[in-house]
Every structure is written in structure tokens, then in C-alpha cells.
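So the protein sequences, as listed, match chains A and B.
Quick note: the first sequence uses the working numbering, first residue 46, plus one each step.
Quick note: the second sequence uses the working numbering, first residue 46, plus one each step.
Idealized CB from N, CA, C, for every residue including glycine.
2 protein chains.
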Amino acid sequence: MKVCFIGCSGHYSYTFDILKSHTVAGIAPGTNGEDMRPLINDLKRMDISFKSYDHYAQMLDECRPDIAVINTWFGLSAPPVLAAVQRGIHVFTEKPVCTDMDNLLQIAGALKKTKTELCAMLGLRFDPWFLCMDRAVKDGAIGDIRLITGQKSYRMGSRPAFYSKRELFGGLIPWVAIHAIDWAYCVSGSRFQTVAACHSAKANHGCGDLEMTAACSFTMENDIIVSITADYLRPEKAPTHGDDRLRVAGTAGVIEAINGRVTLIDGQGSRELPLPEPGNVFTAFVQKLHGEKNNSISAYDSLYTTAVALKARDAADQKTLLDIHELDKLL
Amino acid sequence: MKVCFIGCSGHYSYTFDILKSHTVAGIAPGTNGEDMRPLINDLKRMDISFKSYDHYAQMLDECRPDIAVINTWFGLSAPPVLAAVQRGIHVFTEKPVCTDMDNLLQIAGALKKTKTELCAMLGLRFDPWFLCMDRAVKDGAIGDIRLITGQKSYRMGSRPAFYSKRELFGGLIPWVAIHAIDWAYCVSGSRFQTVAACHSAKANHGCGDLEMTAACSFTMENDIIVSITADYLRPEKAPTHGDDRLRVAGTAGVIEAINGRVTLIDGQGSRELPLPEPGNVFTAFVQKLHGEKNNSISAYDSLYTTAVALKARDAADQKTLLDIHELDKLL
């Protein structure tokens, strides 16, 4: 596959597992002022040659890549995503796919028209603990899902300046809580019906609009309840950068992941489940494009999870509960 | 102290720690059909003599107790609470204090008029893990509180028939989630501003109105976010009856209780905190009435926590976000 990179402000390193087996045709910033040095250094370290472009549109026209890897400032994803899709180039892009509904609908329309594939960097679906839980739940380990609780907690660390501006960053819910939204959607296979949410930028160390805390509560089809929190309050001295958690309670058991370990309590009692090998979201996408395997994240799922996260952010901004049961029909 | 019991459908056993040092003047059901045998058997086992009455009003008039211990069917608490308060008898009553706002306001008015004391059975405030967390947070261990996450998960077991009727039971949020609401209120000392919530009675084993799952998300003063879940999905084979959890994330650390153990992560890293001896909610109430100590739960707190829980239930019933920032002014 011929690959081009647009921006390097997100999780482009998902590609590294298999990048040596493919061709890097070019790299370009997604916006003026985006620092491309991290990617340049990574590619040099891997001894991968590439050509640098100033403008991604020119790069796409000249290189005609199979895949555009897009991770510019999160609020500015839509133009390069559209530019690639409209040229019939498959897109591996940062989540959220974009940060407003108008762009999302445009992207959805363009994907249908050009029959290109798109996959968002919802890479945590391939973590061993999530693969394990998802498999167990789908095998019926906990009966029917009734309540899903998710947590995303990160160290604040030092964040790039664009995180401080809502129009460039997008918000804590679309950037961080989206993973837990995606876990709930993936593990249940159910659509969201309503959302209420709140978020706060208080005590954010002078980082402008950046929210430090958020909570979302959803209902899904069949009265499944989903409760999610996200925060940047994990202390710097904590043993790990992130504290991802997921608990799924059903009619026949409760399964839960904390610290990357999965515990199931069911009719036989409580026990830890063995973990599979990790997967990789980019590898799965390339395998899908090659027609080899189909455990990749679909364009539909990428767009739907993005749409739900954007509506959750709206609910928090507007301090209201939103009916989102027809959201999937827009996509 | 002279004590009378009205009903025995709740946590009357909180009184047992010190009951032998006091006088049980009488017992009566709180409603026709309430089975008093559990209390009768307990008192006989403790070799405590008592007189049985058919009607609590008659009992209160004849016995003139210092304290009425009230725990009838939860939806029927208001009449005996009012009967006691209007007679100037102090009340130790099940939480929620009652299950509708009209009665709550009547009780609040009667308490002011008669200057009687009331304490709700929010006994988990006296669990070692909560005492530990509350002390650590108030000593500044985590800086300013930003996000509070609470979980109440119980085994369903076999529930009395009155749990199946909303008007007799009150609902999962007022009965179970109220504890986590109270933890958030107690540990933060802050008032609630908004609430959104959801609950579901699906898959409740034929138990009528009884909700099996609930989630509440609140904002408090100073943009503190509170996210709470409650469920009856804990498997019967789980190692304990309940799975109470509380996590409080602040500007300088995160403190958390799981399985009765408290972990603090702060600028020094992660460590488990030593636990104090447990307290007892009834003992604290009696000590307050004797003027000996004042770590009891106030009438105001009992009423406020009840009011917040009732508004959360309303928000879930109405599928809307409610502004509750003036709730305290009603009480």
C-alpha cells in the first residue's frame, strides 16, 4: 500500500507495526503551523524515506496514495478527510472523525459517493482487555446487558497549545470520552437513544477552553443504561498514564476491566479471564482493504461514534437531555 | 432513652449496638399487613421486653417515647414520621425520609415547629472506608474536588412484595442510589445544581415497578460533577452482598474506595490508607440527643439528601434535566 500522512498531532504511531511493509509516499501538515518534526523523527528512526509537502491537497494529487493517515489538530480534521475521500483515497483518521455535525454529514455523503473506506483511530478496541470482554459478552457470559459504566482518566501532563481552543481541539468528550462511548456501542451492538452530559473547564491550569472533567449518561435500545466519565485528573505520580475502566452488568453476570485485567462474576463465582494477544487498528484496516480479514472498525461505526460524542458535547453545552435515537439515520 | 419501633421493613438493626442500654416501650406496624415477626424475634433473642401495639398513633400516645425508630414500607414513611414529629418525639427513620416532595415539605415544616430532631438511616456514612475518605478529603488530600463517581450494586436476592409497587417502595434511586448521593453531598459539602437520570425496570424477575438499574449525573456548586450508578445485578455468587464504590478526583489527587479499601494517589504516589473503627448512625444520633457529641446526621441533611434523590427519580421519570439549585431553600 502507498501511504501519505497528513499531520502528526494524534495517534499516527498506530501505523508503525506494519509501516515498513508499505510505502510512505509523502507527508504534509494538516494546517499551517502544525509541527511535523515528531513524525519526521519517527520515520528517520525507522529508516523510512519520504517526501515532505507543504500542502496536503498537492501531496494527494501527486502521490495518489491508497491510504491517507490523517491526524492534524482535531478540530481541523474535516477538510483533509474530505479531500482524501473525494479523491477516492481510503482514510485512516484520528477520532473523532471531525468535530461538528455538518462536516460529519458531508463526509458521510462523500464516502457513499466515492465508495472509499474510512477507519477512525479507536484503537483501544484492540487492547487485550477489551478484546477479552467483548468476546465474553458476545459469547453470552453475562446474559443481556443492562448497565455499562466506563471511565477514562488521564494524566494532564503538558498538552499542545491547540488543546486550549475548542475550535481546534473539539472538547474532552469528543477527544477522550469517545473511547468509552465506542466501547459501550461495540460491546452492546445497540444504538444510543438519549444523552445527558456535563463537562467543566475549571482548574485547567490556564488551558483556555480545555475541559478537565466530563460525565455522560445515555440510554440505549432495550433500556440499556450507559454511564461514562472522563477526566485529566490522574496524578502525575500515578503508576500509569491512563486509568481505563469498563464494567458491563447483565442479567447473568458482571464483567469488568480495571488495570488491564478482566474479572467475570457469574453463576460460577468470580474469576479473572485470560487475555488474548493485542490487535492493531491500522493493521486490521489494511487487512480489510486487502480483503483478508474483517475485524476492522467500519466507516459507519467511526462516524456513528463520532456523532454520538458530538451530541453528548452538545448536551453538556446546552445543559439539556437530547433525543438521539434517529442519529444513525443521518449517516 | 425510651424507644418505640414503627415497622421493621428496613434497617432497624442499626439500633442494636446500644439497645440494651435503653428501654423499648413498644412496637407497632407502620401499615396494615406489615410483618413484625423479624423485629419480635430479634428483641426476644436479645431478651428485651416490649409491648406490641396494632396502631402506632396509639402507641406513641401511650408510651410517650423519646425516639421513634421508623422503618415501615418505604413509600408509607411519611404518616408515622409526621405523627412522631407532631408529638415532639425525635425520629430515627429509614432513608429516604419519605417518597414525595409534598410530604417532605410537611415534615420539614413540622420539624421546625416542634423543634424535634430527625436522623435518616444513612448509616454508610459510618463505614470505616467512608470515614477514612471523608477525613482525608476534608484534610485536603486531593485538593479541590472536581469529579465524584459512586456505585451501588447489590444482589437482587428475594425482595418483599412491596418492592414491586412504586407507591410502596419509592424506587431504586431513592432507596439505593441515595447512599451515593449522600456520600457526594457529605464529602463535598456542596449543594447540587442540576440532575439528569435514567432508570429501568427491565429484566426485574417479574417484580412489577422495581427498577434494576439507574444512573444519575449531577452538577454541584463550583462545577463539581457527580456520576452515580445503582443496580440489583450483582450475581448471587459474588463474594459480598454489595459492591459499594466511591471515587473522588481533585486538583491534587484521586482517592477511591473499592471493596472497603481506600487508595489515595497524590503527589507522593499511590498508597492504601489505614481505616478507623466503624461508627454507628443510631449511636451517633443518641449521643447528639444527650448533648455528648455531634457527628450525627442532621435533620437538614436527611431531608436534603432525600429531596435530591426524589428529584433524580423525577428526572429519570420525565427524561429531562432538572435545575435543583434552589432545592435547599425549600427545606
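According to DSSP, what are the bridge partners of residue i?
| i | result |
| --- | --- |
| phenylalanine 175 of chain B | DSSP lists no partner for phenylalanine 175 of chain B. |
| glutamine 196 of chain B | B/Thr274 and B/Arg290 |
| alanine 54 of chain A | Checking the sequence, you will find serine at residue 54 of chain A rather than alanine. Serine 54 of chain A is not bridged to any residue. |
| methionine 239 of chain B | The sequence given here has threonine at residue 239 of chain B, not methionine. According to DSSP, threonine 239 of chain B bridges with B/Thr264 and B/Asp368. |
| glutamate 301 of chain A | A/Arg292 and A/Thr308 |
| leucine 163 of chain B | B/Val136 |
| serine 209 of chain A | Its beta-bridge partners do not exist; DSSP assigns none. |
| serine 97 of chain B | B/Ile72 |
| alanine 113 of chain B | B/Cys49 and B/Val136 |
| arginine 316 of chain B | B/Leu309 |
| isoleucine 190 of chain B | B/Gly295 |
Please look up how many angstroms separate the CB atoms of residue i and residue j, rounded, as I've assumed it's under 8 Å.
| i | j | result |
| --- | --- | --- |
| alanine 302 of chain B | arginine 316 of chain B | About 14 Å; that fails the 8 Å criterion. |
| alanine 246 of chain B | glutamate 256 of chain B | 5 Å |
| methionine 265 of chain A | arginine 292 of chain A | Wrong, their Cβ atoms sit about 15 Å apart, outside the cutoff. |
| isoleucine 152 of chain A | alanine 113 of chain A | Rounded, the Cβ-Cβ distance is 13 Å, inconsistent with contact. |
| valine 331 of chain A | methionine 146 of chain A | Not a contact, Cβ separation roughly 29 Å. |
| cysteine 252 of chain B | serine 209 of chain B | 5 Å |
| alanine 354 of chain B | leucine 372 of chain B | The pair is not a contact, with the Cβ atoms about 11 Å apart (cut-off 8 Å). |
| arginine 132 of chain B | leucine 149 of chain B | That belief does not hold up - the Cβ atoms of arginine 132 of chain B and leucine 149 of chain B are roughly 19 Å apart, past 8 Å. |
Just mark residue i as buried or exposed, buried being the case when its beta carbon has 16 or more other beta carbons within 10 Å.
| i | result |
| --- | --- |
| leucine 375 of chain A | exposed |
| serine 122 of chain B | buried |
| glycine 216 of chain B | buried |
| proline 83 of chain A | exposed |
| glutamate 162 of chain B | buried |
| aspartate 288 of chain B | buried |
| histidine 224 of chain B | buried |
| histidine 100 of chain A | exposed |
| aspartate 311 of chain A | buried |
| glutamate 322 of chain B | exposed |
| arginine 358 of chain A | buried |
| arginine 90 of chain A | exposed |
| alanine 165 of chain B | buried |
| aspartate 268 of chain B | buried |
| aspartate 92 of chain B | exposed |
| proline 284 of chain B | exposed |
| alanine 222 of chain B | buried |
| proline 125 of chain A | buried |
| glutamine 196 of chain A | buried |
| aspartate 276 of chain B | buried |
I need the DSSP call for residue i, collapsed to helix, strand or coil.
| i | result |
| --- | --- |
| aspartate 288 of chain A | coil |
| lysine 47 of chain A | strand |
| alanine 283 of chain A | coil |
| lysine 27 of chain B | Since the displayed chain B opens at 46 and closes at 376, residue 27 of chain B lies outside it and no answer follows. |
| serine 343 of chain A | coil |
| glycine 120 of chain B | helix |
| isoleucine 223 of chain A | helix |
| glutamate 79 of chain A | coil |
| threonine 258 of chain B | strand |
| cysteine 252 of chain A | coil |
| valine 126 of chain A | helix |
| leucine 376 of chain B | coil |
| lysine 338 of chain B | coil |
| glycine 324 of chain A | coil |
| arginine 204 of chain A | coil |
| methionine 146 of chain A | helix |
| glycine 215 of chain A | coil |
| isoleucine 269 of chain B | coil |
Excluding sequence positions up to five away, which residues of its chain have a Cβ less than 8 Å from the Cβ of residue i?
| i | result |
| --- | --- |
| glycine 188 of chain B | Gly295, Thr296, Ala297 and Gly298 |
| leucine 366 of chain B | Thr239, Val240, Ala241 and Ala360 |
| valine 307 of chain B | Trp174, Cys177, Met178, Ala181, Ile300, Glu301, Glu317, Leu318 and Leu320 |
| serine 385 of chain B | Any property of residue 385 of chain B remains undetermined from this structure, which presents chain B solely from 46 to 376. |
For residue i, collect the residues of the same chain with a Cβ closer than 6 Å to its Cβ; drop the 5 residues on either side in sequence, then sort them by chain order.
| i | result |
| --- | --- |
| threonine 328 of chain A | Asp62 and Ile63 |
| glycine 324 of chain A | Phe171 |
| lysine 333 of chain A | Asn339 and Ser341 |
| histidine 56 of chain B | Met166 |
| leucine 192 of chain B | Ile270 and Ala294 |
| threonine 194 of chain A | Ser272 and Arg292 |
| aspartate 227 of chain A | Leu167 and Thr350 |
If you drop the 5 nearest sequence neighbours on each side, which residues of the same chain put their C-beta closer than 7 Å to that of residue i?
| i | result |
| --- | --- |
| cysteine 231 of chain B | Arg170 and Asp179 |
| tyrosine 345 of chain B | Leu376 |
| leucine 156 of chain A | Val130, Leu163 and Ala344 |
| cysteine 108 of chain A | Lys47, Cys49, Ala70 and Gly71 |
| leucine 309 of chain B | Ala181, Ala186, Gly298, Ile300, Arg316 and Leu318 |
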